[in-house]
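Chemist: The structure under discussion is supplied below as structure tokens; questions concerning it will follow.
Residue numbers (our numbering): 1 to 163.
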């Protein structure tokens, strides 16, 4: 192998290693969030109250002509007490699903948690400041893990294929 061909190959392998490491890190993070979501199904609960319930929106620059250039997010803030200590949280679930293109979907979520309403809050007994309103991991954690595993497989294949 001459020096002219070796340098691009080394850069290519480095980028493939970086792709593999990034995908493994993303998978580990999603696994951790998903495990927290699964653990929340066994957490004790407390009665809380919704302090804030509003729709956030942001414009998306998706390019081209689209019917909906906005994304929406249910911004929730609630408080609850555990052993006389007051806590505040904004987590709906683990992982928090994030923005949605459906304004109706977000409005339905906000309708379940109107400001001033009493809600059941599930809190981590080892860390009561960690809480959520809905238990179990969101489907996005499963989808994210599947995508990152696919990227891991592609990166490994690229690294192991013959030159």
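Glycine included, each C-beta is placed from N, C-alpha and C at the ideal position.
The structure displayed is predicted, hence computed values, not measured ones.
Just mark residue 30 as buried or exposed, buried being the case when its beta carbon has 16 or more other beta carbons within 10 Å.
Modeler: The residue in question, residue 30, is buried, as its Cβ has 16 or more Cβ neighbours within 10 Å.
Chemist: Residue 113 bridges to which residues according to DSSP?
Modeler: DSSP lists no partner for residue 113.
Chemist: Would residue 119 pass as a contact of residue 37 if the rule is Cβ separation under 7 Å?
Modeler: No, the pair does not count as a contact, with Cβ atoms beyond the cut-off.
Chemist: Whole-angstrom Cβ separation of residue 74 and residue 110, contact assumed at under 8 Å?
Modeler: 5 Å
Chemist: Between the C-alpha atoms of residue 150 and residue 85, what's the straight-line distance to the nearest angstrom?
Modeler: Residue 150 and residue 85: Cα-Cα distance of roughly 44 Å.
Chemist: Is DSSP giving residue 7 helix, strand or coil here?
Modeler: helix
Chemist: My output table needs one value for residue 160: the three-state DSSP class, helix, strand or coil.
Modeler: In the structure shown, residue 160 sits in a helix (DSSP, three-state: H, G or I).
Chemist: Considering only residues of the same chain and omitting the five flanking positions on each side of residue 88, which have a CB-CB separation below 6 Å?
Modeler: 79
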